[in-house]
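Counting in the working numbering, the sequence shown runs without a single skipped number right up to 300 at its last residue.
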Amino acid sequence: MQLLSSCRAVLGGSTAAVAALRRGGLVAGATDAARQCFSSATLATEVNYASVPFAERVIEVRTRELDGKYEARRVRANGEVPGVLFGGSRWPMARRKANGAEASAAHSHDHLLVAAVDYLALETELRVHGLGFFCLPYQLKVDGEDTLIPVLPRSFHRHPVSRDILSLNYQRLDVSTKKAPKVSIPVSYVDHDRCPGLKLGGYLNQAKRDVMCRIHGTDYDKIPSGFVLSLAKFESLDRVRVGDVTLPAEASETLELLDNPTVHLASIVGRKGKAAEVDAGEEVEEIFV
12 MQLLSSCRAV LGGSTAAVAA LRRGGLVAGA TDAARQCFSS ATLATEVNYA SVPFAERVIE
72 VRTRELDGKY EARRVRANGE VPGVLFGGSR WPMARRKANG AEASAAHSHD HLLVAAVDYL
132 ALETELRVHG LGFFCLPYQL KVDGEDTLIP VLPRSFHRHP VSRDILSLNY QRLDVSTKKA
192 PKVSIPVSYV DHDRCPGLKL GGYLNQAKRD VMCRIHGTDY DKIPSGFVLS LAKFESLDRV
252 RVGDVTLPAE ASETLELLDN PTVHLASIVG RKGKAAEVDA GEEVEEIFV
């Protein structure tokens, strides 16, 4: 916003002057200098947290012995959702196979076939949390075991016509591993009616809809279900980058932003109609890039 104000001050302090210079050819369209001047806005970041605490987010599953599409169909016919529990500090399946039967038996619980027993409860969780469901840690309660396993929902599939849940996998949430698990936290926007750039006829183009983060620590209640950015000061030609997303102090110890701060998230481009009248009623043709 400071760069935007500086450019407008040099060009007479008005949007009409900028547009007039563009029409006269004095300001070349879409040059690097113009893109830097109208590069990024200072946006207010809000963080959404799940309404249900981590201690109450539990998915009940049972173990199953057989794998394959026919077994998966039988599981779905019983009102259950097939899936696989994987990951964690145990050996991966490829390493177990390479080390023979003894190593495979010692680490046999790394790849566990499971099935969620309550289809309606799982569907309710998806509708309540939306896209935030896939970045929120859950606890997996396996039948016959008293210990709850912290997991992240992964590899979710729906039927293309009926929209029924076909499968849902789970990754063990083990922060002691060499590579801590990563989550993609969705980014949404508010204050569209107060956005100056949208009032001029542009539209919001979202190039990237989430931000990649790595989980550190075990305080899973501080993992947000989404970032919310305000467009109240978002002018034409402004851009939103990953660097505009700021983590709150309580979440900075649990999350680490992995995306490059210069990665483009969104911008205002195009036209939906005539630009608004500015500067004492003069109708000006705005150019968006």
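By construction, the Cβ of each residue, glycine as well, lies at the ideal position given by its N, Cα and C atoms.
Residue 220 and residue 197 - do their beta-carbons sit closer together than 8 angstroms? Here residue 197 corresponds to residue number 186 of the sequence shown, with the count starting at 1. Here residue 220 corresponds to residue number 209 of the sequence shown, with the count starting at 1. The answer is yes: Cβ separation under 8 angstroms.
Mapping the DSSP letters down to three states, classify residue 124 as helix, strand or coil. Reading the sequence shown from its first residue, position 113 is the one you call residue 124. Strand, per DSSP.
What beta strand (DSSP E) runs, 3 residues minimum, are completely inside the region 73-98? Listed in chain order, the beta strand (DSSP E) runs fully inside the region 73-98 are 92-97, counting runs of at least 3 residues.
Among 265, 138, 261, nearest to residue 174 - alpha-carbon criterion: Position 163 of the sequence shown, counting from 1, holds the residue named residue 174. The shortest CA-to-CA distance from residue 174 to any of 265, 138, 261 is the one to 138.
Tell me the rounded alpha-carbon separation between residue 280 and residue 231. Taking the first residue of the sequence shown as 1, we reach residue 280 at position 269. Taking the first residue of the sequence shown as 1, we reach residue 231 at position 220. Rounded to whole angstroms, residue 280 to residue 231 spans 38 angstroms at the Cα level.
Between residue 238 and residue 200, what straight-line distance do the alpha-carbon atoms span, to the nearest angstrom? For the purposes of this step, residue 238 is identified with residue 227 of the sequence shown, where counting begins at 1. For the purposes of this step, residue 200 is identified with residue 189 of the sequence shown, where counting begins at 1. In this structure, the straight-line span from the alpha carbon of residue 238 to that of residue 200 is close to 8 angstroms.
Can you tell which of 222, 121, 126 has its C-alpha closest to the C-alpha of residue 83? Reading the sequence shown from its first residue, position 72 is the one you call residue 83. Nearest C-alpha to residue 83: 126.
Residue 124 versus residue 251 - alpha carbon distance: On the sequence shown, position 113 is the one that residue 124 refers to. On the sequence shown, position 240 is the one that residue 251 refers to. About 42 angstroms.
Can you tell me the Cα-Cα spacing of residue 147 and residue 140, whole angstroms? The sequence position of residue 147 within the sequence shown is 136, counting from 1. The sequence position of residue 140 within the sequence shown is 129, counting from 1. Near 9 angstroms, if we compare the C-alpha coordinates of residue 140 and residue 147.
To the nearest angstrom, how far is it from the Cα of residue 168 to the Cα of residue 260? The residue labelled residue 168 in the question sits at position 157 within the sequence shown. The residue labelled residue 260 in the question sits at position 249 within the sequence shown. For residue 168 and residue 260, the distance between alpha carbons rounds to 35 angstroms.
Collapsed DSSP secondary structure at residue 58 in the structure displayed: Here residue 58 corresponds to residue number 47 of the sequence shown, with the count starting at 1. Residue 58 falls in the strand class under three-state DSSP.
Where does residue 269 land, buried or exposed, given buried means 16+ other C-beta within 10 angstroms? As a first step, residue 269 must be located in the sequence shown, where it is residue number 258. Residue 269 should be labelled exposed.
Find out if the Cβ-Cβ distance for the pair residue 133, residue 234 is shorter than 8 angstroms. To locate residue 133, count along the sequence shown from 1; it is residue 122. To locate residue 234, count along the sequence shown from 1; it is residue 223. No, the pair does not count as a contact, with Cβ atoms beyond the cut-off.
Going along the chain, which residues of its own chain have a beta-carbon closer than 7 angstroms to the beta-carbon of residue 91, five neighbours each way excluded? Taking the first residue of the sequence shown as position 1, residue 91 is located at position 80. Once the five neighbours on either side are set aside, the close Cβ partners of residue 91 are 126, 127, 128, 130.
Residue 153: first and last residue of the uninterrupted alpha helix (DSSP H) it sits in: Within the sequence shown, the letter at position 142 stands for residue 153. Looking at the DSSP string, residue 153 is not in any alpha helix (DSSP H); the run it does join, the beta strand (DSSP E), is 149-153.
Terminal residues of the continuous beta strand (DSSP E) containing residue 277? As a working mapping, residue 277 is identified with position 266 in the sequence shown. That run of the beta strand (DSSP E) goes 275-280.
Using the Cβ count rule (16 or more neighbours within 10 Å means buried), how would you classify residue 61? Taking the sequence shown and counting its residues from 1, the one referred to as residue 61 is at position 50. Result: buried.
Can you tell me the Cβ-Cβ gap for residue 182 and residue 277, rounded? I've got them flagged as a contact below 8 angstroms. Residue mapping note: residue 182 aligns to position 171 of the sequence shown, counting from 1. Residue mapping note: residue 277 aligns to position 266 of the sequence shown, counting from 1. Their Cβ separation, rounded to whole angstroms, is 29 angstroms, which puts residue 182 and residue 277 out of contact at 8 angstroms.
Grab me the residues of residue 274's own chain with a C-beta within less than 7 angstroms of its C-beta, minus the 5 sequence neighbours each way, in chain order. Indexing the sequence shown from 1 puts residue 274 at position 263. Sequence-distant Cβ neighbours of residue 274 in its own chain, meaning closer than 7 angstroms and more than five residues away, are 219, 252, 253.
With distances taken from CA atoms, which of 75, 204, 94 is nearest residue 155? As a first step, residue 155 must be located in the sequence shown, where it is residue number 144. Closest by alpha carbon: 75.
Could you tell me whether the Cβ of residue 156 comes closer than 8 angstroms to any Cβ of chain B? The chain inventory of the structure shown lacks chain B, comprising one protein chain alone.
Under the rule that 16 or more other beta-carbon atoms within 10 Å means buried, what is residue 81, buried or exposed? Walking along the sequence shown from the start, residue 81 turns up at place 70. In summary, residue 81 is exposed, with fewer than 16 beta-carbon neighbours lying within 10 Å of its beta-carbon over all protein chains present.
On the CB-based measure, 16 or more other CB atoms within 10 Å of its CB, does residue 258 come out buried or exposed? In the sequence shown, the residue the question calls residue 258 occupies position 247. Buried.
Going by DSSP, what residues sit across from residue 267 in a beta bridge? For the purposes of this step, residue 267 is taken as residue 256 along the sequence shown, with counting starting at 1. 225, per the DSSP bridge assignment.
Suppose only complete runs of 4+ residues qualify. What are the alpha helix (DSSP H) ranges in the region 194-242, listed by chain order? List check, alpha helix (DSSP H) in window: 207-210.
Closer than 7 angstroms to a non-hydrogen atom of the ligand GDP - does that hold for the CB of residue 207? The model depicted lacks the ligand GDP and carries no ligand whatsoever.
Rounded C-alpha distance that separates residue 68 from residue 211: Stepping through the sequence shown from its first residue, residue 68 is reached at position 57. Stepping through the sequence shown from its first residue, residue 211 is reached at position 200. If I take the Cα positions, the gap works out to 44 angstroms.
Counted within 10 angstroms of its Cβ, other Cβ atoms place residue 77 as buried (16 or more) or exposed: Indexing the sequence shown from 1 puts residue 77 at position 66. When all chains shown are included, residue 77 counts as exposed.
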